[in-house]
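Undergrad: Just so we're aligned: the sequence shown equals residues 105 to 243 in the working numbering.
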Amino acid sequence: MPFASPILFRFVWMMLLLIVVVFAVSVALEYLLNYQISAGTGIVVVIVPAMDAGQQFFKLAGRAPEQGEAWRYAAVFVALNMVVGCILAGLVVLASGGIFFGIGLSMLLIVGVVVALIYVLAPRLFFGLGARQAQKVAA
Numbered sequence: 105m106p107f108a109s110p111i112l113f114r115f116v117w118m119m120l121l122l123i124v125v126v127f128a129v130s131v132a133l134e135y136l137l138n139y140q141i142s143a144g145t146g147i148v149v150v151i152v153p154a155m156d157a158g159q160q161f162f163k164l165a166g167r168a169p170e171q172g173e174a175w176r177y178a179a180v181f182v183a184l185n186m187v188v189g190c191i192l193a194g195l196v197v198l199a200s201g202g203i204f205f206g207i208g209l210s211m212l213l214i215v216g217v218v219v220a221l222i223y224v225l226a227p228r229l230f231f232g233l234g235a236r237q238a239q240k241v242a243a
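1) CB-CB under 8 Å to L164, same chain, minus the five flanking residues each way: which ones, in chain order?
2) Measure the beta-carbon distance from I147 to A226 and round it to whole angstroms, keeping in mind my assumption that it falls under 8 Å.
3) Under the rule that 16 or more other beta-carbon atoms within 10 Å means buried, what is A168, buried or exposed?
4) Taking 8 Å as the threshold (beta carbon to beta carbon), is Q171 in contact with chain C?
5) Would M119 and L184 qualify as a contact pair, given that the criterion is a beta-carbon distance under 8 Å?
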């Protein structure tokens, strides 16, 4: 898997686009309708790019990825998600004016473990699902 792969470039652009779209929709709904979207909506930023990458893998390779390939791609997706996520989390903490400093270490660890599990398992699952979906459409 080359790191300059078109699949990875598309994954990154899709992820960044979805971050902007989800944020814009969230702010618009809050501002216009005084409605807060669920925090779980952010999972879209993890799932959709991985699924799209799976579809692109099938289009380029003509087959669904083998398990080892899917895990390797998922590992890169996780790394990319974590880098962007940590940067954004840092910006949120800096912009929050210190409201997060009162949260205990145990709570941060629990949230961190849950988020890490989602970040690890979702890209692997949806990368494979995207490839199989593209395979079904092509058949």
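Built from N, CA and C at the ideal position, the CB exists for glycine as well.
Values in this document were obtained by computation on a predicted structure and should not be read as measured data.
TA: In short:
1) Here residue 164 refers to the residue found at position 60 when the sequence shown is read from its first residue. P110, I111.
2) As a working note, residue 147 is residue 43 in the sequence shown. As a working note, residue 226 is residue 122 in the sequence shown. 7 Å between Cβ atoms; contact.
3) Mapped onto the sequence shown, residue 168 falls at position 64. Buried is the call here.
4) The structure shown has no chain C; it contains just one protein chain.
5) By 1-based counting over the sequence shown, the position of residue 119 is 15. By 1-based counting over the sequence shown, the position of residue 184 is 80. Here M119 is near L184, since their CB atoms are less than 8 Å apart.
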